[in-house]
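Some notes on the structure that comes next.
Shown next as structure tokens:
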């Protein structure tokens, strides 16, 4: 961050028409693409493109939790690893876990623990791997959104999918889904993960400052975007399994045969 | 199976499920008096319940399942069997078909041996016990084991065992399909190749139309006759 501190903050993030640097409106998401079941070895997987972000999520399990002392005799663990590829950012990222990725891994696993039926699989662990191949702000949200598709793809029982989206403040205005420039030169960034069916919040973080009123507006933007993301997630999963449903009926053999 | 039951619909975790007055069954959960899908799968109605039949996921042992396991470890009076589940499955010496003296377990089963075992019981903390004291449960000698996703086992077996019988008839292989997705095959080398290729086909095209016909066509092509 030091290298950008000296740049005067006169970059104009929002123009007179309320358009942003990339031409989006304040309540507009970046282009999003989700694909489920992209990896063969993992029990479940998903690939997501969210603006400039490229994220791969893989899920294994439930499987025996290792090391043994981590096992919980009454429920499953949801273990998560968020990792950024060295080539994901413009300067080479030093590989390996750092303060930031350890934190994101922790909050992500806590978000998923809230929806997975962990009580169904005592003593096991559900392992979620999020690999950021290319980063452009909002990778934790992209990671959570992709990983929740991967969890569903892995057949993990859960209450609902989780969607995550950030909103923040740029040039004094509340805006949805900040990109790299907006994140760097903006005033605040507030990622939130939601369980869409109930509206529960399973992750909420904030970098910068928002007034109570601005925060409320940001929340509303994120909640609203969450619904759109939810449809995209479901669509990705349906596309993966659409054929099967049709053909199983045509076959008449039935999956329970 | 009437028409309404044949209607299959893919559901995603969190989807509201129409119960039509039926009780919520497997793969579902109830919240605020409404039924939701707990798993990605296909909605199905059976015996007064609405279930979600999973389309993927790991093998979760249930009492009575016959599975193919591999000896992982052993103690003086038990073997530890890997049954492709998230849980280790101990096979106690008293549940084996032999009279095993204390400390003599290695004389009967060695690490790496494949066995057909039955899940004896699974308690609420998912502690699994397996047995070999039943008909058809034995140590596997010869042959090879192929693995498929446990959710595709019903497809490999086919309706009333039609699929696996077709494969057996054509290839003259012996075969056993474990509920955990492990399939044991034995026969001549060439037949084994055809049999395992047929199983791969089922796995890859578990969704395809007329799967039995496709597999039959493949086997017919391979053997140039119409089976036994």
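Chains as they are written, first to last, in the working numbering: chain A, 110 to 366; chain B, 599 to 826.
We treat Cβ as the ideally placed atom computed from N, Cα and C, and that holds for glycine.
Can you tell which of the options has its C-alpha closest to the C-alpha of residue i?
i, options, result
"residue 162 of chain A", "A:241, A:124 and A:294", "A:241"
"residue 306 of chain A", "A:203, A:289, A:332 and A:297", "A:332"
"residue 182 of chain A", "A:289, A:234 and A:271", "A:234"
"residue 303 of chain A", "B:612, B:607 and B:751", "B:612"
"residue 608 of chain B", "A:313, A:322 and A:261", "A:261"
"residue 631 of chain B", "B:741, B:622 and B:714", "B:622"
"residue 319 of chain A", "A:252, A:129 and A:296", "A:296"
"residue 300 of chain A", "A:159, A:313, A:160 and A:196", "A:313"
"residue 642 of chain B", "B:655, B:658, B:624 and B:656", "B:624"
"residue 200 of chain A", "A:218, A:237 and A:243", "A:243"
"residue 769 of chain B", "B:694, B:786 and B:674", "B:786"
"residue 802 of chain B", "B:751, B:691 and B:615", "B:751"
With 9 Å set as the bound, which would you pick, yes or no: does the beta-carbon of residue i sit closer than that to a beta-carbon of chain A?
i, result
"residue 733 of chain B", "no"
"residue 671 of chain B", "no"
"residue 797 of chain B", "no"
"residue 627 of chain B", "yes"
"residue 764 of chain B", "no"
"residue 617 of chain B", "no"
"residue 655 of chain B", "yes"
"residue 743 of chain B", "no"
"residue 636 of chain B", "yes"
"residue 659 of chain B", "no"
"residue 645 of chain B", "no"
"residue 814 of chain B", "no"
"residue 723 of chain B", "yes"
"residue 821 of chain B", "no"
"residue 622 of chain B", "no"
"residue 663 of chain B", "no"
What first and last residue would you give for the alpha helix (DSSP H) that runs through residue i?
i, result
"residue 210 of chain A", "208-222"
"residue 248 of chain A", "248-262"
"residue 801 of chain B", "787-802"
"residue 755 of chain B", "751-755"
Can you tell me whether DSSP reads residue i as helix, strand or coil?
i, result
"residue 760 of chain B", "helix"
"residue 175 of chain A", "coil"
"residue 819 of chain B", "helix"
"residue 151 of chain A", "coil"
"residue 170 of chain A", "strand"
"residue 183 of chain A", "coil"
"residue 675 of chain B", "coil"
"residue 710 of chain B", "coil"
"residue 737 of chain B", "strand"
"residue 120 of chain A", "coil"
"residue 202 of chain A", "coil"
"residue 244 of chain A", "coil"
"residue 699 of chain B", "coil"
"residue 605 of chain B", "Residue confidence for residue 605 of chain B is low, a pLDDT of 45 falling below 50, so the modelled location carries little weight and cannot support an answer."
"residue 809 of chain B", "helix"
"residue 767 of chain B", "helix"
"residue 132 of chain A", "coil"
"residue 266 of chain A", "coil"
"residue 335 of chain A", "helix"
"residue 652 of chain B", "strand"
Look up residue i in the DSSP assignment and give the residues it is bridged to.
i, result
"residue 782 of chain B", "B:743 and B:774"
"residue 848 of chain B", "Limits of chain B in this structure are 599 at one end and 826 at the other, which puts residue 848 of chain B out of reach."
"residue 238 of chain A", "A:167 and A:190"
"residue 647 of chain B", "B:621 and B:644"
"residue 276 of chain A", "A:285 and A:299"
"residue 633 of chain B", "B:628"
"residue 732 of chain B", "DSSP, once it has assigned bridges, lists no residue as partnering residue 732 of chain B."
"residue 316 of chain A", "A:298"
"residue 614 of chain B", "B:634"
"residue 162 of chain A", "A:159"
List the residues of chain E whose Cβ lies closer than 8 Å to the Cβ of residue i, in chain order.
i, result
"residue 351 of chain A", "Given the protein chain composition of this structure (A and B), no chain E is represented."
Kindly say whether residue i, judged by its beta-carbon, lies nearer than 9 Å to any beta-carbon of chain B.
i, result
"residue 280 of chain A", "no"
"residue 265 of chain A", "yes"
"residue 270 of chain A", "yes"
"residue 176 of chain A", "no"
"residue 172 of chain A", "yes"
"residue 188 of chain A", "no"
"residue 342 of chain A", "yes"
"residue 236 of chain A", "no"
For the beta strand (DSSP E) containing residue i, list its first residue and its last residue.
i, result
"residue 667 of chain B", "664-672"
"residue 197 of chain A", "That residue, residue 197 of chain A, is in no beta strand (DSSP E); it is neither H nor E in DSSP."
"residue 688 of chain B", "687-690"
"residue 227 of chain A", "From DSSP, residue 227 of chain A is part of no beta strand (DSSP E); its letter is neither H nor E."
"residue 310 of chain A", "309-313"
"residue 683 of chain B", "Taken as a continuous stretch (DSSP letters only), residue 683 of chain B belongs to no beta strand (DSSP E), as it is neither H nor E."
"residue 144 of chain A", "141-145"
For the ligand MN, is there a heavy atom less than 8 Å away from the beta-carbon of residue i?
i, result
"residue 327 of chain A", "The ligand MN is not part of this structure, which contains no ligands at all."
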